[in-house]
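Numbering (my numbering), first residue to last: -7 to 235.
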């Protein structure tokens, strides 16, 4: 059952996204022995917020999804293609800037015994929580709000996947610059691709699925490929900087 409209409607979209971003900044500034616990808290809090709003009856754009096998197959395929788009430049061109290894995810930060649990939580945050939280904010709230912020209209009255240049460019830039500077080129390509996919599929859940497949397959590639895959020069690849 869809919830009655409350106020401006910003809360369910802005609160999880802002909380996630704020806690990420706090985590980046905490000592190494505390940072893993901040990551766990960040994932748990964001997941709880999204679930709370969903159970309250928010996110009608997700509730109305009726997936089909051909459509879901296309979404999964695009997710895998996006992973290639994200990884290939850094494998093919080792001189490209990338994350400082000291700030990358450390799977053994809590010790060998807890490593599987810690990695599973990181995977859940990366492949499940982030796609919902980010797509709800960027391609549901922001893409509609940018079309009406100067008219006084309620963004919830804007149909999903309605194309306007202002919202298209605005969300593309917002998505790109929400990433780290070394990721800007691939984030720009990804943001462009996913915006176009939203207009084609006309349902936010399709883009959430694309995002989840991209992040999930990227995580598995990093976890299983680091130390085993080689670049074109024959050097062993350490891919943990992607996380």
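We put the CB at the ideal spot given by N, CA and C, even for glycine.
**Study point:** Alpha carbon of residue 1 to alpha carbon of residue 148, nearest angstrom
**Key:** 8 angstroms
Review point. Residue 228 bridges to which residues according to DSSP?
Key: 222
**Study point:** Bounding residues of the alpha helix (DSSP H) (the contiguous stretch that carries residue 107)
**Key:** 107 to 116
Check your understanding: Which residues in the same chain have their Cβ closer than 6 angstroms to the Cβ of residue 162, if we skip the five residues on either side of it in sequence?
Key -> 138
Review point. How would you call residue 25, buried or exposed, if buried means at least 16 neighbouring beta carbons within 10 angstroms?
Key: exposed
Point to revise | Nearest residue (CA-CA) to residue 76, options 46, 225, 213, 108 | key: 213
**Study point:** Close-in-space but distant-in-sequence residues of the same chain around residue 119 (CB under 7 angstroms, 5 per side omitted)
**Key:** 204, 207, 208, 211
Review point. Cα separation between residue 230 and residue 217?
Key: 8 angstroms
Review point. Anyone know if the C-beta pair for residue 113 and residue 35 falls short of 9 angstroms?
Key: yes
Point to revise | Assigned secondary structure, residue 189 (DSSP; H/G/I helix, E/B strand, else coil) | key: helix
Review point. Does DSSP classify residue 59 as helix, strand or coil?
Key: coil
Exercise for review: Figure out for me which residue from 51, 29, 158 has the closest Cα to the Cα of residue 97.
Suggested key: 29
Point to revise | Through-space distance from residue 101 to residue 110, alpha-carbon basis | key: 8 angstroms
**Study point:** Limits of the alpha helix (DSSP H) - the one that residue 92 falls within
**Key:** Here residue 92 belongs to no alpha helix (DSSP H), and DSSP marks it neither H nor E.
Practice item. Using alpha carbons as the reference points, say which of 185, 152, 150, 123 lies closest to residue 165. Key: 185
Review point. Using DSSP with H/G/I as helix, E/B as strand and the rest coil, what is residue 144?
Key: coil
Exercise for review: Assuming residue 106 contacts residue 196 (C-beta within less than 8 angstroms), just tell me the rounded distance between them.
Suggested key: About 35 angstroms; that fails the 8 angstroms criterion.
Review point. Do you know whose CA, among 3, 92, 68, 190, lies nearest residue 50's CA?
Key: 3
Review point. What is the DSSP secondary structure of residue 170, counted as helix, strand or coil?
Key: coil
Practice item. Would you kindly work out how many angstroms separate the C-alpha atoms of residue 244 and residue 67, rounded to a whole number? Key: Residue numbering for the chain in the displayed model covers -7 to 235; residue 244 lies beyond these limits and cannot be assessed.
Practice item. For residue 150, name the three-state secondary structure that DSSP assigns. Key: coil
**Study point:** Option in 126, 198, 131 with minimal Cα separation from residue 59
**Key:** 198
Exercise for review: Look at residue 241 and residue 178 and say whether their C-beta atoms are less than 9 angstroms apart.
Suggested key: Here the chain covers residues -7 to 235 and nothing more, so residue 241 does not appear.
Check your understanding: Nearest chain C C-beta to residue 54 closer than 9 angstroms, yes or no?
Key -> Considering every chain present, this structure includes no chain C. It has just one protein chain.
**Study point:** Exposed unless 16 or more other CB atoms sit within 10 angstroms - verdict on residue 145
**Key:** exposed
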